[in-house]
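Numbering (UniProt numbering), first residue to last: 1 to 164.
Cβ atoms here follow ideal geometry from the backbone N, Cα and C, with glycine treated the same way.
Predicted model, so just to flag it, every value in this text is computed and none were measured.
Structure, as structure tokens:
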């Protein structure tokens with residue numbers, strides 16, 4: 001079977017690919033690189049002096065059309081069982097009634113655009129959750145192949161031969 005592709009694949013542009021690092025994390029070992037907002041009254045980074053490290057702000061956000069999009073052009077949807085795969089099929093067929101997907105523990109809001117320029121059919125791929133058993137994974141992968149839904153991690157926890 002040929003590799004499944006999304007119907008529309010816009011160019012994904014990232015405004016910044018480097019990570020934002022914490023002020024003075026390069027100077028002291030005990031200060032980790034993970035970003036923390038500087039709160040000191042005299043802090044140069046907080047006051048945005050020239051030549052200092054940059055602080056994250058809303059201007060670095062991604063384009064709405066390509067936000068949360070994988071490099072393949074699909075958006076990820078977490079699947080726990082075969083039933084959720086059926087709901088994903090309904091969304092991929094472009095039905096406008098699919099504004100939200102409901103599962104046992106979470107509700108994922110999916111926005112569907114009704115503009116003529118953008119077709120949202122076949123824009124989601126399935127990712128099997130980490131706590132799904134190998135037996136159920138096998139069933140999900142088989143059903144996804146029948147429904148022509150792409151799975152990002154089909155080989156996870158898959159054994160080539162059973163132990164005797």
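query: Test item: CB-CB of residue 6 and residue 122 under 8 Å; result: yes
query: Three-state secondary structure (DSSP) of residue 128; result: strand
query: Where residue 13 falls: helix, strand or coil (DSSP); result: coil
query: Terminal residues of the beta strand (DSSP E) in which residue 32 lies; result: Careful: residue 32 lies outside any beta strand (DSSP E) and carries neither H nor E.
query: For residue 76: DSSP bridge partner residues; result: 125
query: Neighbour-count burial assignment, residue 58, 16 or more Cβ in a 10 Å radius; result: exposed
query: Exposed unless 16 or more other CB atoms sit within 10 angstroms - verdict on residue 89; result: buried
query: Inter-residue CB distance, residue 150 and residue 4 (contact presumed, cutoff 8 Å); result: 4 Å
query: At least three beta-carbon pairs within less than 8 Å, the segment 16-24 to the segment 47-55; result: yes
query: Burial state of residue 41 (16 or more Cβ within 10 Å); result: exposed
query: Proximity of residue 125 and residue 83 at Cβ, strictly below 8 Å; result: no
query: Residue 9 versus 60, 22, 67, 74, residue with shortest Cα-Cα distance; result: 74
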